[in-house]
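Each residue of the sequence shown is one higher than the one before, starting from 2 at the first, in the working numbering.
A virtual CB, placed ideally from N, CA and C, is assigned to each residue, including glycine.
All figures in this text were calculated on a predicted structure; none of them were measured in a lab.
Here is the structure we will look at, set down as structure tokens.
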Amino acid sequence: MKTHFTDVNSLKPTVCGRTGRVTDNVWSVTCLSCRNTEPFYRAKEQAEIRCEQAFNAQEPRKVHNVWDWQKFYECSGCGGDLWRERDRTLFSYHFVCAGCGDSIHPPTETGMCT
């Protein structure tokens, strides 16, 4: 079953005109007709801006090494040890150096087992 996009500023239930499962969360829309509409593009742009603002608002922190808990990760580019966290996958984390913007991708517990 497809998930359709609803525009909160519109009187229509969905932007494509179909009914079924409906959301205003742009990351969970699976209907291609909804994804190819102007209201969806505008909402997705706004969501991406909010994600970037949330990332920049994070307080940089030290990150423990997954293989040796007593050590912290250091950036290979600038030598810094403060990181911000991006979205992770099932197999790895995504940390971005607060100093120079380099990324590291240490494995999650699932990633260590594969």
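In terms of DSSP beta bridges, what is residue i paired with?
{"i": "Phe6", "result": "Thr24"}
{"i": "Ile50", "result": "Beta-bridge pairing links Ile50 to no other residue."}
Can you check whether the CB of residue j is closer than 9 Å to the CB of residue i?
{"i": "Asp69", "j": "Glu75", "result": "no"}
{"i": "Arg22", "j": "Gln59", "result": "no"}
{"i": "Thr7", "j": "Lys13", "result": "yes"}
{"i": "Cys52", "j": "Ser34", "result": "no"}
{"i": "Val67", "j": "Pro40", "result": "no"}
{"i": "Ala44", "j": "Asp25", "result": "yes"}
Does any C-beta atom of chain B lie closer than 9 Å to the C-beta of residue i?
{"i": "Cys101", "result": "Although the question refers to chain B, the structure presented lacks it and comprises just one protein chain."}
For residue i, which residues of its own chain have a beta-carbon under 6 Å away from its beta-carbon, when the five flanking residues on both sides are left out?
{"i": "Gly112", "result": "Phe92, Ser93"}
Spatial neighbours of residue i within its chain, please: CB distance less than 8 Å, with the 5 preceding and 5 following residues excluded, ordered by chain position.
{"i": "Met2", "result": "Gly21, Arg22"}
Can you tell me the Cβ-Cβ gap for residue i and residue j, rounded? I've got them flagged as a contact below 8 Å.
{"i": "Ala48", "j": "Val30", "result": "Rounded, the Cβ-Cβ distance is 11 Å, inconsistent with contact."}
- Task: Please list the segments of the alpha helix (DSSP H) lying wholly inside the segment 90-115, counting only runs of 4 or more residues, in order along the chain.
- Result: 110-114
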